[in-house]
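Engineer: I'd like to ask you about the structure that follows.
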Amino acid sequence: MTGMTTFPKRWDNTVVGGKKITAQGYASYMLTILLPKNASNLALDVPDTYTSYKMFVDDAVFVESGIPGTSAETTKPKWQQFTRELFIKRDTVKLILQVANFLHSKGGPYKSITIGNKDKLFSKRNRDNAFNFILTGSIIMCGLFFFGLYFFGRYDKTILYFALFCITYSYRIIGTSQYSLHTIFPDLPWAFTIHMEYLSLFVSVIFFTQYTQNLYPEDSNKLITTLEMWACIILSLITLFFPPSVFTQLINPFLVVMFFVIAHAFYVYVVAYRRKRLGAGYALLSTGVVMIIFVIINLQYFDFVAPQKELLFIGYLSFFFLQSLILSYRYSYLLNKARKEAEQGLVAKSDFLSNMSHEIRTPLNSVIGLSHILLDNQPREDQKEQLNVLLFSANNLLNIVNDILDYNKIEAGKINFEYIDMDLVQVSQDLLSGLKTLADEKGIVLLLEKDPAFNHRIISDPTRISQVIGNLLQNAIKFTRSGHVKLIIKQEKIQKQHITLTIKVEDTGIGIAAEKQKLIFDRFTQADTSTSRSFGGTGLGLAICKKILELQGSQLQLKSEPGKGSVFFFTQTFPISQVFNFSQGEPVLEEIEKGRPLSGVSLLMAEDNELNVLVAKTFLEKWGAKIDVAANGEEAIRKLDTNKHQMILMDMHMPVMDGYEAVKIIRSKGINIPIIALTASLPSEVEERARDLSINAIVTKPFEPDEFLKLLIKIHHQ
Numbered sequence: 007m008t009g010m011t012t013f014p015k016r017w018d019n020t021v022v023g024g025k026k027i028t029a030q031g032y033a034s035y036m037l038t039i040l041l042p043k044n045a046s047n048l049a050l051d052v053p054d055t056y057t058s059y060k061m062f063v064d065d066a067v068f069v070e071s072g073i074p075g076t077s078a079e080t081t082k083p084k085w086q087q088f089t090r091e092l093f094i095k096r097d098t099v100k101l102i103l104q105v106a107n108f109l110h111s112k113g114g115p116y117k118s119i120t121i122g123n124k125d126k127l128f129s130k131r132n133r134d135n136a137f138n139f140i141l142t143g144s145i146i147m148c149g150l151f152f153f154g155l156y157f158f159g160r161y162d163k164t165i166l167y168f169a170l171f172c173i174t175y176s177y178r179i180i181g182t183s184q185y186s187l188h189t190i191f192p193d194l195p196w197a198f199t200i201h202m203e204y205l206s207l208f209v210s211v212i213f214f215t216q217y218t219q220n221l222y223p224e225d226s227n228k229l230i231t232t233l234e235m236w237a238c239i240i241l242s243l244i245t246l247f248f249p250p251s252v253f254t255q256l257i258n259p260f261l262v263v264m265f266f267v268i269a270h271a272f273y274v275y276v277v278a279y280r281r282k283r284l285g286a287g288y289a290l291l292s293t294g295v296v297m298i299i300f301v302i303i304n305l306q307y308f309d310f311v312a313p314q315k316e317l318l319f320i321g322y323l324s325f326f327f328l329q330s331l332i333l334s335y336r337y338s339y340l341l342n343k344a345r346k347e348a349e350q351g352l353v354a355k356s357d358f359l360s361n362m363s364h365e366i367r368t369p370l371n372s373v374i375g376l377s378h379i380l381l382d383n384q385p386r387e388d389q390k391e392q393l394n395v396l397l398f399s400a401n402n403l404l405n406i407v408n409d410i411l412d413y414n415k416i417e418a419g420k421i422n423f424e425y426i427d428m429d430l431v432q433v434s435q436d437l438l439s440g441l442k443t444l445a446d447e448k449g450i451v452l453l454l455e456k457d458p459a460f461n462h463r464i465i466s467d468p469t470r471i472s473q474v475i476g477n478l479l480q481n482a483i484k485f486t487r488s489g490h491v492k493l494i495i496k497q498e499k500i501q502k503q504h505i506t507l508t509i510k511v512e513d514t515g516i517g518i519a520a521e522k523q524k525l526i527f528d529r530f531t532q533a534d535t536s537t538s539r540s541f542g543g544t545g546l547g548l549a550i551c552k553k554i555l556e557l558q559g560s561q562l563q564l565k566s567e568p569g570k571g572s573v574f575f576f577t578q579t580f581p582i583s584q585v586f587n588f589s590q591g592e593p594v595l596e597e598i599e600k601g602r603p604l605s606g607v608s609l610l611m612a613e614d615n616e617l618n619v620l621v622a623k624t625f626l627e628k629w630g631a632k633i634d635v636a637a638n639g640e641e642a643i644r645k646l647d648t649n650k651h652q653m654i655l656m657d658m659h660m661p662v663m664d665g666y667e668a669v670k671i672i673r674s675k676g677i678n679i680p681i682i683a684l685t686a687s688l689p690s691e692v693e694e695r696a697r698d699l700s701i702n703a704i705v706t707k708p709f710e711p712d713e714f715l716k717l718l719i720k721i722h723h724q
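The numbering used here puts the sequence shown at residues 7 to 724.
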């Protein structure tokens with residue numbers, strides 16, 4: 007059958023002699039072009055056809071895509087577009103195009119062949135490919151980025167579905183229309199590319215419906231989403247299990263499904279926007295963009311408009327950018343929300359621990375104070391033993407509270423160091439003396455080994471270094487059943503202004519296995535869960551020691567062998583103090599032994615807890631002081647007599663009027679009587695306010711009687 011025909015026109019849309027021809031078959035097209043005089047620098051842009059072609063120019067093969075044959079067996083389909091230079095030999099060009107299709111539901115040429123200026127055609131071809139590659143790369147990178155957010159961040163299915171949508175749809179940009187992918191991989195099997203062309207379309211819409219459902223679950227209709235998803239799943243299954251002649255007919259049913267998907271998404275985004283959901287404004291804009299893209303693609307598909315490559319490029323970029331903004335905004339919002347909740351949780355935890363510290367320390371003050379009073383009243387030996395147990399248990403509880411609060415401070419970055427002159431050997435001796443009773447009960451010998459070369463005082467924080475060494479000693483005693491615990495001070499090197507010391511705590515305890523040695527420095531961790539039952543403890547001591555030393559530029563280290571013992575040690579450089587002689591204790595201790603060192607001193611005490619009043623009053627009267635008591639700050643202001651009272655003991659937490667307000671009023675009146683703050687909080691929590699109110703000293707409850715007395719004498723003498 008020969009004759010004139012419109013070009014391009016698909017065979018399945020062509021009627022010849024009143025009869026519609028089929029999509030399968032083969033045909034040849036011939037055209038003679040009359041060129042203008044001096045025509046040169048020309049090229050032909052030959053697009054793909056359904057589904058193979060060969061073009062001849064002046065009876066010579068010019069380009070071919072696949073192998074067009076006269077039967078299904080002799081035809082090899084392939085989709086590829088070519089732009090080739092046209093070499094002109096005369097004023098006419100004879101074109102012959104052979105086309106064959108035996109597999110697709112559509113057949114024949116459907117895109118125009120273009121002849122024109124070589125530079126312009128190649129430029130357009132390269133520009134179109136560049137658009138496709140850039141857009142595909144952008145979408146794939148977008149998908150991979152959100153994959154990363156899903157797998158390494160929050161396991162949010164919304165992010166996962168959008169990532170899958172990006173990656174599956176990216177094939178549509180590079181593997182259809184101009185088939186830019188085939189210029190890179192020209193040998194891709196046609197069966198693979200035709201399946202990918204349709205599957206990428208159907209599957210990407212499945213992911214998009216699930217993305218919309220998970221993005222705004224309260225605003226979408228789950229039934230409609232499910233129907234849309236299953237419609238696309240059915241189309242995908244047909245594509246997988248049926249030949250191209252069948253599944254290539256599914257594009258029109260899919261367009262109907264796609265219309266409902268876009269309409270439903272638009273409805274969901276409008277509702278979400280009205281309800282002020284996260285990122286709904288961006289979602290609504292993206293739907294408007296995708297509607298424009300959908301209209302343009304369909305107008306091109308039905309040959310109503312010419313391809314709008316630049317417009318589609320901008321549209322696609324805008325759509326994916328807006329969708330990315332939704333997820334980025336959502337992710338950022340949730341991250342900020344989690345951060346604020348964590349900060350609020352940290353503040354709440356600090357407040358809780360501070361309040362609990364006050365609530366626990368207040369009764370502990372009474373227990374420890376009364377224990378000291380009873381021990382000073384010459385109890386019987388059996389009573390003395392029981393009181394010592396009571397005092398030990400109370401001090402142990404106090405140590406646990408202090409450990410928890412100290413670790414909380416360290417984590418919050420609120421720990422401060424004071425660097426003052428100190429006698430490290432004296433501190434070590436005091437620590438060992440304080441732990442002697444505990445060690446004697448277990449039959450453990452406490453030893454101090456000092457390097458003979460070390461005879462200097464140092465500049466450091468005595469509180470923190472005592473805390474570290476004390477924790478290490480207590481830990482060693484706890485895990486040692488027999489033998490000894492030795493504190494070793496070794497001088498490593500000395501310079502003009504600095505001295506480097508290694509401080510070791512050696513024990514003959516249970517030891518620690520090599521694989522457990524790193525774990526014990528973690529909070530709430532011991533070497534073995536069985537030791538929790540055998541030895542108890544919070545597991546915070548070593549973690550606190552490690553943190554304190556790290557903040558001072560040192561490192562807590564361990565050498566241990568199971569069954570033989572452990573050595574905890576650290577090396578630290580200290581400035582050398584200018585005071586070279588060791589003190590033998592403060593002179594005030596001699597005065598304490600005389601019996602009534604505060605004789606003639608009158609104090610005003612503001613304290614609302616009757617047991618704390620009883621404890622403090624008993625000690626103060628024993629030391630010779632006269633004491634007046636007020637139950638709150640307001641009463642303290644009324645009772646204060648500047649001619650009588652020489653010191654004020656002010657509890658900071660009281661009903662009616664707290665200590666801070668009372669001190670503020672007292673100082674505002676120009677009264678400069680020394681004021682000692684009594685608090686169950688940590689000193690660091692009140693010292694800033696105390697400094698602002700010109701408070702002379704802070705005493706933490708429960709207090710050690712001897713230390714409390716030394717402070718009172720010091721302030722009184724000043």
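By construction, the Cβ of each residue, glycine as well, lies at the ideal position given by its N, Cα and C atoms.
With a 10 Å radius around its C-beta and 16 neighbouring C-beta atoms as the bar for buried, classify Ile190 as buried or exposed.
Structural biologist: Exposed, because fewer than 16 other Cβ atoms sit within 10 Å of the Cβ of Ile190.
Engineer: Under 6 Å Cβ to Cβ from Thr579, same chain only, skipping five residues before and after it: list those, please.
Structural biologist: The residues are His504, Thr506.
Engineer: Mapping DSSP to helix, strand and coil, what is Val295?
Structural biologist: In the structure shown, Val295 sits in a helix (DSSP, three-state: H, G or I).
Engineer: Would you tell me roughly how many angstroms separate the C-alpha atoms of Thr164 and Leu221, rounded to the nearest one?
Structural biologist: Roughly 6 Å between the two C-alpha positions.
Engineer: From Asn587 to Lys492, what does the alpha carbon distance come to, in whole angstroms?
Structural biologist: Residue placement at Asn587 is flagged as unreliable, the pLDDT there being 41, under the threshold of 50; the coordinate-derived value follows with that caveat. When rounded, the distance between both Cα atoms is 24 Å.
Engineer: Tell me where the beta strand (DSSP E) around Met611 begins and ends.
Structural biologist: Note, Met611: beta strand (DSSP E), 608–612.
Engineer: With a CB to CB cut of under 7 Å and the five nearest residues on each side skipped, what residues in its chain are close to Ile298?
Structural biologist: Correct list, in chain order: Gly321.
Engineer: With a threshold of 7 Å on Cβ separation, who are the neighbours of Gln590 within its own chain once the five nearest residues in sequence on each side are excluded?
Structural biologist: Confidence is the limiting factor: at Gln590 the pLDDT is only 40, short of 50, which leaves the residue's position unreliable, though a coordinate-based value still follows. Taken in chain order, the list of residues that qualify is empty.
Engineer: Determine whether the beta carbon atoms of Phe726 and Pro115 lie at a separation below 8 Å.
Structural biologist: The question about residue 726 has no answer here: the residues shown for the chain are numbered 7 through 724.
Engineer: If I'm right that Ile239 touches Ile200 with Cβ under 8 Å, what's the distance once you round it to whole angstroms?
Structural biologist: Not really, about 19 Å apart at Cβ, beyond 8 Å.
Engineer: Taking contact to mean 3 or more Cβ pairs, one atom from each stretch, closer than 8 Å, check whether the stretch 151–158 and the stretch 169–176 are in contact.
Structural biologist: Touching, yes.
Engineer: Just reading off the alpha helix (DSSP H) that Met660 is part of, what are its end residues?
Structural biologist: Here Met660 belongs to no alpha helix (DSSP H), and DSSP marks it neither H nor E.
Engineer: Distance check for Asp712 and Glu616, CA to CA, integer angstroms please.
Structural biologist: The alpha-carbon atoms of Glu616 and Asp712 are separated by roughly 22 Å.
Engineer: Return yes when the Cβ of Ser608 is within less than 8 Å of the Cβ of His651, no when it is not.
Structural biologist: Yes; because the gap between Cβ atoms is below 8 Å, this pair is in contact.
Engineer: Between the beta-carbon of Asp51 and the beta-carbon of Thr120, is there less than 8 Å?
Structural biologist: Yes, they are a contact pair.
Engineer: Compare the Cα-Cα distances from Glu4 to each of Gly9, Ala136, Ile379, Phe327 and report the closest residue.
Structural biologist: The shown model of the chain, from 7 to 724, leaves out residue 4, and the question about it has no answer.
Engineer: To the nearest angstrom, how far is the alpha carbon of Ile643 from that of Glu627?
Structural biologist: About 22 Å.
Engineer: Determine, using beta carbons only, whether Lys448 and Ile483 come nearer to each other than 8 Å.
Structural biologist: Result yes, Cβ atoms of Lys448 and Ile483 sit closer than 8 Å.
Engineer: What does Glu567 pair with, by DSSP beta-bridge criteria?
Structural biologist: Beta-bridge pairing links Glu567 to Gly571.
Engineer: Starting from the C-beta of Ile268, find all residues in its chain whose C-beta is less than 8 Å away, skip the five residues before and the five after it, and write them out in chain order.
Structural biologist: Closer than 8 Å at the Cβ level, and outside the excluded window around Ile268, lie Thr293, Val296, Met297, Phe300.
Engineer: Just checking my contact of Ile146 with Ser176 at CB under 8 Å: how many whole Å lie between their CB atoms?
Structural biologist: Yes, Ile146 and Ser176 are in contact; Cβ-Cβ is about 5 Å, under 8 Å.
Engineer: Can you check DSSP and say which residues form a bridge with Asn123?
Structural biologist: Leu48.
Engineer: Among the residues of its own chain, which have a CB less than 7 Å from the CB of Gln3, if the five just before and after it don't count?
Structural biologist: This structure gives no information on residue 3, because the portion of the chain shown stretches from 7 to 724.
Engineer: Identify the continuous beta strand (DSSP E) that holds Ser488 and give its terminal residues.
Structural biologist: Run containing Ser488: none; DSSP gives neither H nor E here.
Engineer: Any chance the stretch 84–93 sits against the stretch 36–44, with 3 or more Cβ pairs inside 8 Å?
Structural biologist: With the cut-off at 8 Å, the stretch 84–93 and the stretch 36–44 do not touch.
Engineer: Per DSSP, what are the beta-bridge partners of Gly114 in this structure?
Structural biologist: Per DSSP, Tyr56.
Engineer: Quick check: the Cα distance between Leu127 and Ala271, rounded to an integer number of angstroms?
Structural biologist: Going from the Cα of Leu127 to the Cα of Ala271 covers about 39 Å.
Engineer: Pop quiz: Tyr32 and Gly75 are said to be a contact at Cβ under 8 Å. What is the actual Cβ separation, rounded to whole angstroms?
Structural biologist: Confirmed, Cβ separation roughly 7 Å.
Engineer: CB-CB under 8 Å to Gly489, same chain, minus the five flanking residues each way: which ones, in chain order?
Structural biologist: Here the set comprises Ile450, Val451, Asp513, Thr514, Gly515, Gly571.
Engineer: Considering only residues of the same chain and omitting the five flanking positions on each side of Asp457, which have a CB-CB separation below 7 Å?
Structural biologist: Here the set comprises Ile495, Lys496, Gln497.
Engineer: Pull up the distance between the alpha-carbon of Phe541 and that of Asn481, whole angstroms please.
Structural biologist: With a pLDDT of only 47 at Phe541, under 50, the local geometry of the prediction cannot be trusted, and no value is derived from it.
Engineer: Provide the residue span of the beta strand (DSSP E) that contains Leu453, from first to last.
Structural biologist: Unbroken beta strand (DSSP E) run through Leu453: 450–456.
Engineer: Could you tell me which of Asp657, Thr142, Thr486, Lys95 sits nearest to Val619, measuring between CA atoms?
Structural biologist: Measuring from the Cα of Val619, the nearest candidate turns out to be Asp657.
Engineer: Is it true that the CB of Pro83 sits closer than 8 Å to the CB of Leu103?
Structural biologist: Cβ atoms of Leu103 and Pro83: not closer than 8 Å.
Engineer: State the start and end residues of the unbroken beta strand (DSSP E) segment that holds Tyr167.
Structural biologist: Looking at the DSSP string, Tyr167 is not in any beta strand (DSSP E); the run it does join, the alpha helix (DSSP H), is 163–180.
Engineer: The beta strand (DSSP E) that contains Phe108, what's its start and end?
Structural biologist: Taken as a continuous stretch (DSSP letters only), Phe108 belongs to no beta strand (DSSP E), as it is neither H nor E.
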